[in-house]
Each structure stands twice: as structure tokens, then as C-alpha cells.
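Enquirer: Below is one structure. I have some questions about it.
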Amino acid sequence: APVPVAAPETLPDEIETLFKNGQAAEAMRRASAAAVGLTGRAGFQRNLLLAERLLDNRSGALALPLFRALLGQLRTTSLTQWEPAVGARCIRGYLQCARSSNAKIEDERELIDELMLLDPSLAVGLV
16 APVPVAAPET
26 LPDEIETLFK
36 NGQAAEAMRR
46 ASAAAVGLTG
56 RAGFQRNLLL
66 AERLLDNRSG
76 ALALPLFRAL
86 LGQLRTTSLT
96 QWEPAVGARC
106 IRGYLQCARS
116 SNAKIEDERE
126 LIDELMLLDP
136 SLAVGLV
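Laid out in C-alpha cells, this is it:
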């Protein structure tokens, strides 16, 4: 039987350092190589951490499609029922990234409403 892989709470130090040094593309390459075997919750959490780091490092062009993909996963799973904090982080990150990129947000009002239900504190500054 496969050994369950714990969801990462942080990225490896090497990858965090690359992000801090402005090497987002290299950080993404190394994170992808290190993520072999991560699926389900662990894979989602790792991708959310990557998207957040990209947003933090003003790499919106890379972060937006990743947040969009994560939002798609939220829609097809029950993640927000079991992990509302993770779902809220994903929604907030997507909204922040899309707004900073001046990207069209089809369902912005619904996303803000959902965020308000999951974690009103994360909606601060978005409404």
C-alpha cells in the first residue's frame, strides 16, 4: 500500500531561498521535481504554497494560472467543507492575483461571498 504523504505546511528552504532571491522560475522547477508523489491534499497544499510565493514575489503571470487551476479543484472537490482555511487562502490569493493582473474575474461577487463565509478576516481589503 502506498505510504500517505503529509501535506506540506512550508516549502523546502532551498525553494524559499530561490523565491527570496527573485528566481521564481527556478524555484518552480525545483518544487515540481520535489513534488513527485504528492497527490490529493498534499499536492493541493504544495501548489497553493507555490502560488502564494509567486504572488508575494510579484510573479503574477505564473501565479494566476496556478490559482485558477486550484480554484477549479476547489469547485470539483469538497475541500472547503473539510479545510475551510485552505479554501479561503486559495480564493483570496486568486482574487488578489487577478486584480493585480487586471484580469477579468467572471464570478468575483460569488467568490467574495464564499470567502466571507469561509473566513471573513481574509476578505478584508477585497470588498
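In this note's numbering, the protein residues as written are 16 to 142. Note that beta-carbon positions come from the ideal geometry of N, C-alpha and C, so glycine has one too.
So Cys105 packs on Leu79, CB below 8 Å; how close in whole Å?
Expert: Wrong, their Cβ atoms sit about 13 Å apart, outside the cutoff.
Enquirer: Whole angstroms are fine: how far does the CA of Met43 sit from the CA of Val20?
Expert: The predicted model places Val20 with a pLDDT of 43, which falls under 50 and marks its position as unreliable; any figure quoted below should be read in that light. Roughly 20 Å between the two C-alpha positions.
Enquirer: Reducing DSSP to helix, strand and coil, say where Lys119 ends up.
Expert: Coil.
Enquirer: Can you tell which of Ser74, Ala46, Glu129, Asn62 has its C-alpha closest to the C-alpha of Gly37?
Expert: Here the closest residue by C-alpha is Ser74.
Enquirer: For the alpha helix (DSSP H) that Gln88 lies in, which residues bound it at each end?
Expert: Note, Gln88: alpha helix (DSSP H), 75-91.
Enquirer: Suppose you measure from the CA of Glu98 to the CA of Arg56; what does that come to, to the nearest Å?
Expert: In a straight line, the C-alpha of Glu98 is about 10 Å away from that of Arg56.
Enquirer: In its own chain, which residues sit with a C-beta less than 8 Å from the C-beta of Ala138, not counting the 5 before and 5 after it?
Expert: Excluding positions up to five away in sequence, the list reads Arg107, Ile127, Leu130, Met131.
Enquirer: Indicate the three-state DSSP secondary structure (helix, strand or coil) for Leu141 in the structure shown.
Expert: The answer is coil: DSSP assigns Leu141 none of H, G, I, E or B.
Enquirer: Runs of 3 residues minimum, wholly inside the stretch 19-72: which ones carry the beta strand (DSSP E) assignment?
Expert: Counting only runs of 3 or more, we get nothing.
Enquirer: Could you tell me whether any non-hydrogen atom of the ligand ATP is closer than 8 Å to the CB of Ala113?
Expert: For the structure depicted, the ligand ATP is absent and the ligand set is empty, with no information on it obtainable.
Enquirer: With distance defined between alpha-carbon atoms, name the residue in Val101, Leu94, Asn72, Ala46 nearest to Cys112.
Expert: Taking only the C-alpha atoms, the option nearest Cys112 is Asn72.
Enquirer: From the DSSP output, in three-state form, read off Glu125 for me.
Expert: Three-state DSSP puts Glu125 in a helix.
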